[in-house]
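A.B. asks: Under the numbering used here, the letters of the sequence shown match residues 621 to 926, in that order. Backbone N, C-alpha and C define an ideal beta-carbon position, used for all residues, glycine too. All values derive from a computational prediction rather than experimental measurement. Got a structure for you, questions after.
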Amino acid sequence: MKKESLNDYCSRVNKAIDFIRLNLDTNISLDELAERVNLSKFHFLRVFHAVTGVSPGEYHKQLRMQRTQFQLISHSEISVTQIAYQLGFSSVSALCKSFKKTKKTSPLEWRAHYLRKHSNSGHFEKNKDEYFRSIFNLKYNNMEKQHQFKCQVKELRDQKVIYIRNFSIHVHDSEGFKQMFERLFEWAGSRGLLNFPATKALTVYRSMPDENGMLQADVCLTVPEGVLGEGEIGTTIIPGGTYAVIYKEGTLDECFSAWDYLYNSWLPASGFSADSRGVFLNHLNDSGTHPEGLHIFEMCVSVQKI
Numbered sequence: 621m622k623k624e625s626l627n628d629y630c631s632r633v634n635k636a637i638d639f640i641r642l643n644l645d646t647n648i649s650l651d652e653l654a655e656r657v658n659l660s661k662f663h664f665l666r667v668f669h670a671v672t673g674v675s676p677g678e679y680h681k682q683l684r685m686q687r688t689q690f691q692l693i694s695h696s697e698i699s700v701t702q703i704a705y706q707l708g709f710s711s712v713s714a715l716c717k718s719f720k721k722t723k724k725t726s727p728l729e730w731r732a733h734y735l736r737k738h739s740n741s742g743h744f745e746k747n748k749d750e751y752f753r754s755i756f757n758l759k760y761n762n763m764e765k766q767h768q769f770k771c772q773v774k775e776l777r778d779q780k781v782i783y784i785r786n787f788s789i790h791v792h793d794s795e796g797f798k799q800m801f802e803r804l805f806e807w808a809g810s811r812g813l814l815n816f817p818a819t820k821a822l823t824v825y826r827s828m829p830d831e832n833g834m835l836q837a838d839v840c841l842t843v844p845e846g847v848l849g850e851g852e853i854g855t856t857i858i859p860g861g862t863y864a865v866i867y868k869e870g871t872l873d874e875c876f877s878a879w880d881y882l883y884n885s886w887l888p889a890s891g892f893s894a895d896s897r898g899v900f901l902n903h904l905n906d907s908g909t910h911p912e913g914l915h916i917f918e919m920c921v922s923v924q925k926i
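In structure tokens, the structure reads:
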């Protein structure tokens with residue numbers, strides 16, 4: 621396949637994925653997706669499968685299942701009925717049927733199995749905290765983290781961004797993220813789109829890390845309306861609304877510790893729950909120019925009132 625054709629297909633698939641993510645709680649037809657990327661539905665189906673390895677419908681189901689699992693383990697007080705409603709399933713039975721087809725068990729049985737597997741003492745929150753620590757190599761106890769992090773609830777605006785996407789990158793692959801940002805900066809710089817501090821550099825986490833620390837992520841730069849991407853450079857909107865925001869200056873480990881603190885300490889006591897709009901880091905400096913090599917960032921997690 622020619623490079624030009626591959627870049628064009630990747631661009632169209634990324635546009636479709638962005639639309640799916642922004643409409644995770646709705647049912648989207650193949651016709652609607654194909655129309656949005658200006659391909660026949662049969663051609664679009666082949667291209668999407670070639671780029672992602674699955675069909676658009678299967679990709680949508682995978683995202684819903686990821687969010688369902690996250691809700692089950694992160695908010696043990698939320699019922700399956702509530703999750704089904706939040707994620708746009710037609711009914712509780714539809715969620716259970718889809719979940720059982722994927723996981724070979726029911727949502728409640730899966731949650732119970734998770735509790736047994738990750739807790740010898742039955743204290744779910746403690747072991748959930750240890751699960752995230754094992755991925756992020758965290759070193760801080762809850763009392764220490766309360767002193768380290770200040771979390772505020774803010775209303776953020778929609779942000780138009782250009783991005784480079786990685787479907788499978790390790791959460792600690794700093795070199796991989798650096799290379800993605802370098803390609804994005806080169807593309808934006810050659811078009812006069814870099815205007816710091818107005819331009820924001822963001823890392824958007826598109827999935828929770830699995831037990832091996834692998835996730836999907838985009839590196840992004842905010843751009844004015846009307847900017848179009850090309851090839852691997854996509855454009856999308858990071859939706860605004862209510863976000864829990866942590867500001868921090870620290871090491872890379874402390875960046876990941878902020879994630880751990882927000883999900884496992886702050887959220888359960890906040891009266892909010894994470895929703896499907898996602899998580900992103902707003903990078904406020906270049907750690908290479910910091911006298912101590914520290915990162916300055918805002919971690920933003922989309923939330924809704926419980």
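#1: Taking a contact to mean a Cβ-Cβ separation below 9 Å, would you say Val923 touches Ser893 in this structure?
#2: Quick one: grab the DSSP three-state call for Ile789.
#3: Terminal residues of the continuous beta strand (DSSP E) containing Gly870?
#4: What does DSSP give as the partner residue(s) for Cys771 in the beta ladder?
#5: Is it buried or exposed for Phe756, if we count other Cβ within 10 angstroms and need 16 for buried?
#6: Helix, strand or coil: which one does DSSP assign to Asp645?
#7: Ile866: which of Ala889, Leu848, Leu901 and Asn658 sits nearest, CA to CA?
#8: Could you check where the beta strand (DSSP E) with Glu918 kicks off and where it finishes?
#9: Could you check whether Arg777 and Asn634 sit closer than 9 Å to each other, using their CB atoms as the reference points?
#10: Okay, do the region 810 to 821 and the region 837 to 856 touch, 3+ Cβ pairs below 8 Å being the bar?
#11: Closer than 7 Å by C-beta to Phe709: which residues in its own chain qualify, once you throw out the five before and the five after it? Chain order, please.
#12: Counting along the chain, where does the alpha helix (DSSP H) carrying Gly809 start and finish?
#13: Is Gly586 helix, strand or coil by DSSP?
#14: Give the straight-line distance between the Cα atoms of His680 and Ile640, rounded to the nearest whole angstrom.
#15: What would DSSP say about Val899, mapped onto helix, strand or coil?
#16: With distance defined between alpha-carbon atoms, name the residue in Lys798, Arg803 and Asp793 nearest to Pro829.
#17: In three-state terms, what does DSSP make of Leu707?
#18: In its own chain, which residues sit with a C-beta less than 7 Å from the C-beta of Val921, not counting the 5 before and 5 after it?
#19: Per DSSP, Tyr783 is paired with what?
#20: I'd like the list of long-range same chain contacts for Glu845, defined as Cβ closer than 8 Å, with 5 residues on each side in sequence excluded.
#21: Given this structure, state the Cα-to-Cα distance separating Lys737 from Ile857, to the nearest angstrom.
C.D. replies: Let's see:
#1: Within the sequence shown, residue 923 is the residue found at index 303, counting from 1. Within the sequence shown, residue 893 is the residue found at index 273, counting from 1. Yes, the pair counts as a contact, with Cβ atoms nearer than the cut-off.
#2: Taking the first residue of the sequence shown as position 1, residue 789 is located at position 169. Residue state for Ile789 is assigned as strand, using DSSP reduced to three classes.
#3: Taking the sequence shown and counting its residues from 1, one reaches residue 870 at position 250. From DSSP, the beta strand (DSSP E) with Gly870 extends over Gly861 to Gly870.
#4: As a first step, residue 771 is located in the sequence shown; it is residue number 151 there, counting from the start. Bridge partners of Cys771: Ile866.
#5: Indexing the sequence shown from 1 puts residue 756 at position 136. Because the pLDDT at Phe756 is just 45, under 50, the model does not fix this residue reliably, and the point stays unresolved.
#6: Within the sequence shown, numbered from 1, the residue matching residue 645 stands at position 25. It is coil, neither helix nor strand.
#7: Taking the sequence shown and counting its residues from 1, the one referred to as residue 866 is at position 246. Nearest C-alpha to Ile866: Leu901.
#8: For this step, residue 918 is matched to residue 298 along the sequence shown. Note, Glu918: beta strand (DSSP E), His915 to Lys925.
#9: For the purposes of this step, residue 634 is taken as residue 14 along the sequence shown, with counting starting at 1. For the purposes of this step, residue 777 is taken as residue 157 along the sequence shown, with counting starting at 1. With contacts defined as CB atoms closer than 9 Å, Asn634 and Arg777 fail to qualify as a contacting pair.
#10: Taking a contact to require three or more Cβ pairs closer than 8 Å, the region 810 to 821 and the region 837 to 856 qualify as touching.
#11: Locating residue 709 in the sequence shown gives position 89, counting from the first residue. The residues are Leu715.
#12: What you label residue 809 is simply residue 189 of the sequence shown in a count that begins at 1. Ser794 to Gly809 is the extent of the alpha helix (DSSP H) around Gly809.
#13: No information on residue 586 is available, as it lies outside the stretch 621 to 926 that the chain covers here.
#14: In the sequence shown, residue 680 corresponds to position 60, counting from 1. In the sequence shown, residue 640 corresponds to position 20, counting from 1. Their backbone Cα atoms lie some 7 Å apart in a straight line.
#15: To locate residue 899, count along the sequence shown from 1; it is residue 279. Note: Val899 maps to strand in three-state DSSP.
#16: Stepping through the sequence shown from its first residue, residue 829 is reached at position 209. For the residues Lys798, Arg803 and Asp793, the minimum Cα distance to Pro829 belongs to Asp793.
#17: As a first step, residue 707 is located in the sequence shown; it is residue number 87 there, counting from the start. Looking at Leu707 - three-state DSSP - the assignment turns out to be coil, as it is neither helix nor strand.
#18: As a position in the sequence shown, residue 921 is number 301, starting the count at 1. Result list for Val921: Tyr863, Ala864, Leu882, Ala894 and Val899, in chain order.
#19: Here the question's residue 783 lines up with position 163 in the sequence shown. Its beta-bridge partners are Cys840 and Gly854.
#20: Here residue 845 is taken as the residue at index 225 of the sequence shown, counted from 1. The beta carbon of Glu845 sits closer than 8 Å to the beta carbons of Lys780 from its chain, once the five residues preceding and following it are set aside; these are given in chain order.
#21: Position 117 of the sequence shown, counting from 1, holds the residue named residue 737. Position 237 of the sequence shown, counting from 1, holds the residue named residue 857. For Lys737 and Ile857, the distance between alpha carbons rounds to 38 Å.
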